[in-house]
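Colleague: Dropping the structure in here first, questions after.
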Amino acid sequence: MKTLLQEIRRCTVCIQHLPDGARPIVAASAKSRLVIIGQAPGKIVHTTGIPWNDKSGDNLRNWLGIDSTLFYDADAVALIPMGFCYPGTGKNGDLPPRPECAPLWHPRLMDQLSKSRLILLVGQYAQNHYLGNRVKSNLTETVQHFREYLPEYFPLPHPSPRNNIWQARNEWFGKEVLPELRKRVAACIA
Numbered sequence: 002m003k004t005l006l007q008e009i010r011r012c013t014v015c016i017q018h019l020p021d022g023a024r025p026i027v028a029a030s031a032k033s034r035l036v037i038i039g040q041a042p043g044k045i046v047h048t049t050g051i052p053w054n055d056k057s058g059d060n061l062r063n064w065l066g067i068d069s070t071l072f073y074d075a076d077a078v079a080l081i082p083m084g085f086c087y088p089g090t091g092k093n094g095d096l097p098p099r100p101e102c103a104p105l106w107h108p109r110l111m112d113q114l115s116k117s118r119l120i121l122l123v124g125q126y127a128q129n130h131y132l133g134n135r136v137k138s139n140l141t142e143t144v145q146h147f148r149e150y151l152p153e154y155f156p157l158p159h160p161s162p163r164n165n166i167w168q169a170r171n172e173w174f175g176k177e178v179l180p181e182l183r184k185r186v187a188a189c190i191a
């Protein structure tokens, strides 16, 4: 795993498409029991080099019911984005993850993560990649039907503060999904 992570962190495959340059962000260990697959690092994460080191990360840790110490313990939690580098900004926020990363690195990472017990698919890019034709017609329906993907996968919306309106419209998320998520995360990393 150590060699693979070093390879990923040196990757420059799509550097010509990255306005701020390549800085692949990933954290994992062969011992990781919980795998969180997100979208791509944002500007703050790109700057600091720390995965989920922003408001979205604060929200995600709150959803999971774990603190930063446990969240950043790679022996417990692997943090793997669909695109490892900050993709830049478009009209409506950050651009989508670069498409080169997941096919290039995810199979090798997942082979090394054989001890993982639960994979969280955060956002539509991760869900589309890992669930394929099993996704529902939209992210809301996929998250609503999270039990269909268990025990391996647990689909979640992106925890961006921009999604607070979505959460307010979908009260079932806080009432049904988050308690089950916390229970499974606690069991997974116990």
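2 is the number of the first residue of the sequence shown in this note's numbering; add one for each residue after it.
C-beta: ideal position from N, C-alpha, C; glycine also.
Keep in mind it's a predicted model, so treat the numbers as computed, not measured.
Taking the DSSP output, what are the residues bridged to G94?
Modeller: Looking at the DSSP assignment, G94 forms a beta bridge with G91.
Colleague: Whose C-alpha, out of H146, R163, P162 and K32, is nearest the C-alpha of F155?
Modeller: Out of H146, R163, P162 and K32, H146 has the C-alpha closest to the C-alpha of F155.
Colleague: Can you list, in chain order, the stretches of the alpha helix (DSSP H) that have 4 or more residues and sit fully within the region 60-135?
Modeller: Fully enclosed alpha helix (DSSP H) runs of 4 or longer: 69-72, 102-113 and 125-132.
Colleague: Comparing alpha-carbon positions, which option in W173, H18 and S69 lies nearest P88?
Modeller: Nearest C-alpha to P88: H18.
Colleague: Going by DSSP, what residues sit across from F155 in a beta bridge?
Modeller: Paired residues: L121.
Colleague: Within the chosen definition, does the region 65-80 reach the region 27-39 through at least 3 CB pairs nearer than 8 angstroms?
Modeller: Output reads yes: the region 27-39 touches the region 65-80.
Colleague: Distance check for R109 and T70, CA to CA, integer angstroms please.
Modeller: Roughly 26 angstroms between the two C-alpha positions.
Colleague: CB I67 to CB V178, shorter than 8 angstroms?
Modeller: Contact: no.
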